[in-house]
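All remarks here apply to the structure that follows.
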Amino acid sequence: APTGEYRLAGFASGPARAITRNDKVSQMWPYQDKHPETALALQTCDLPDEAFAQNVADACGIDPAGVYLLAATTGSLVGCVQICARTPEVSMWGLGFKGFDVGKVVACTGYAPVPPCTRDELRAMDRVNTSCLYGGVISYLVDCEDADLTGLADKLVFANTRHFGRRFADLYEEAGRDIFQMDSEVHKVAEITINNLKTGTTVSAGRRDLHMLKDSFYR
């Protein structure tokens, strides 16, 4: 069980979002899943109840028996792995937010270091987000005109924001511990490489900061 007074309200990721398409990321392209079963991975301190499962089922237009909910705290091993695995999603959101047509993305791969686990959820929030901001590495294969890539990579990395060099924990506190109230420039990754399939042009930007990772992981 988590320790301390901080309890994250919860975040959800997974196939159900591709069915409902009711968030900004899933609405960036026209693709939509259609299936009688679905799943969500929940970053939460509390196990979901039947009412939550019913809400998911209603949003997806399926029977509650077809809803699978996987819940884990942020600082657990499962939580740390699945949150860091969402690094490409963070980057994809930024790509669309900066005006790039995400339909031109052929492939996207990425990774971030999995931080040490902890039952302290506030510390865990700092660690998993620091992992993305200061250690997340993304590679894109796109099919577009080179003009579409002008300055794009520079806009997608944390190193080129006014927040670079600051701890995520401090930025989170300033936002009242509400990630949705944080500056959108915080939702970035450390390094980006974009390879244009059409022309062979490759652009890159950003850098990892091992000092900031060490400060968060071992403080």
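Mapped onto this note's numbering, the consecutive letters of the sequence shown carry residue numbers 19 to 237.
Cβ coordinates follow ideal geometry from the N, Cα and C atoms, glycine included.
As the structure is a computational prediction, the values presented were derived from the model and not from experiment.
- Here DSSP, grouped into helix, strand and coil, assigns F29 to strand.
- Contact between the stretch 154–167 and the stretch 193–200 is absent, with fewer than three C-beta pairs closer than 8 Å.
- For N214, the secondary structure class from DSSP, reduced to helix, strand or coil, is strand.
- Contact annotation: the stretch 96–106 does not touch the stretch 70–87, with fewer than three C-beta pairs closer than 8 Å.
- For the options K206, F176, E163, I210, the alpha carbon positioned closest to that of T217 is the one of E163.
- In the structure shown, G79 falls within a coil segment according to DSSP collapsed to helix, strand and coil.
- DSSP places Y129 within a strand segment (E or B) once states are collapsed to three.
- In the three-state DSSP reduction, L174 falls in the coil class, being neither helix nor strand.
- Rounded to whole angstroms, the gap between the alpha carbons of P48 and Y236 is 42 Å.
- Only residues of its own chain outside the window of five on either side were considered, and among them G28, A89 have a CB closer than 6 Å to the CB of T62, listed in chain order.
- Nearest to Y158 by C-alpha distance, out of S31, P131, P106, is P106.
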